[in-house]
Structure formats: structure tokens, C-alpha cells
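See structure below.
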Amino acid sequence: MESDAHTPQRIAQSGSRHLAITWADGHESRYEVRALRLACACAECVDEWTGRERLDDANVPADVAPVRIQPVGRYAIQIEWSDGHATGIYPFRRLRELCACAACRPAGLL
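Each residue of the sequence shown is one higher than the one before, counting from 344 in the working numbering.
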């Protein structure tokens with residue numbers, strides 16, 4: 344069973360360039376949407392055997408945005424992006440690990 348830190352209570356657009364997730368433990372994470380697109384870990388974006396990133400940042404438009412967000416079971420979301428990419432699954436645990444706020448990334452631990 345997932346902990347409250349990995350259980351989203353609310354997922355919503357926050358302004359034009361951010362996605363916000365409120366977690367069951369009360370924490371709110373805000374993600375810049377292009378950074379989420381660049382963090383896709385699907386087989387198209389990351390080599391399955393070597394773990395080497397395949398996605399070229401220059402090929403992702405600066406204004407990329409989620410077109411649709413769908414739940415994947417009780418453990419992840421799948422985001423369809425405005426650049427046509429739709430194969431990435433973002434597990435809740437990984438999304439929480441990607442949170443870049445000061446509480447999640449204390450000074451010196453980046």
C-alpha cells in the first residue's frame with residue numbers, strides 16, 4: 344500500500360505552465376510542465392537497456408503542455424502532450440521524487 348506521500352488527492356493545472364498535485368500528507372507539488380515532459384521515462388525517451396536518455400531537449404517545444412491526463416490504475420497518470428507524445432506513464436512515487444520545492448530539495452542536497 345502506498346504511503347500518504349505517494350497518494351494524490353488532487354491533480355490540476357496551476358496557471359498555464361504548471362501542474363499541481365496535492366498529496367494525502369498535505370504537501371503540494373508544483374511542476375513546470377515542460378520539465379515533466381522532459382522527465383518522461385518511457386522506452387521512446389529512455390533506452391530500456393542502458394538507461395541512456397534518448398529525448399533531445401531541443402525537440403520539445405518550449406510551450407509544450409498536457410492535452411489530457413488520465414489515471415493508470417491506482418499508481419500513476421498518463422499524460423498526452425501537445426507535441427504528440429502520449430506513451431509515458433508517471434508513477435506517483437516518481438512524481439513525488441521529482442518535486443523540486445525547498446521542502447523536498449533542501450539546500451545542498453540537489
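Where is the CB? At the ideal position from N, CA and C, for every residue including glycine.
Query                                                                                                                 : Result
Residues of its chain near L381, where Cβ-Cβ distance is below 7 Å and the 5 sequence neighbours each way are ignored : L398, D400 and V403
V398 (DSSP reduced to helix, strand or coil)                                                                          : The sequence shown places Leu at residue 398, not Val. Residue state, collapsed to three classes: coil.
Whole-angstrom C-beta distance between A419 and F435, which should lie under 8 Å                                      : 6 Å
Length of the line joining the Cα atoms of C385 and I412                                                              : 16 Å
Sequence-distant residues of the same chain with beta carbon closer than 7 Å to V407, five excluded per side          : V376, R377, R380, W424, S425 and D426
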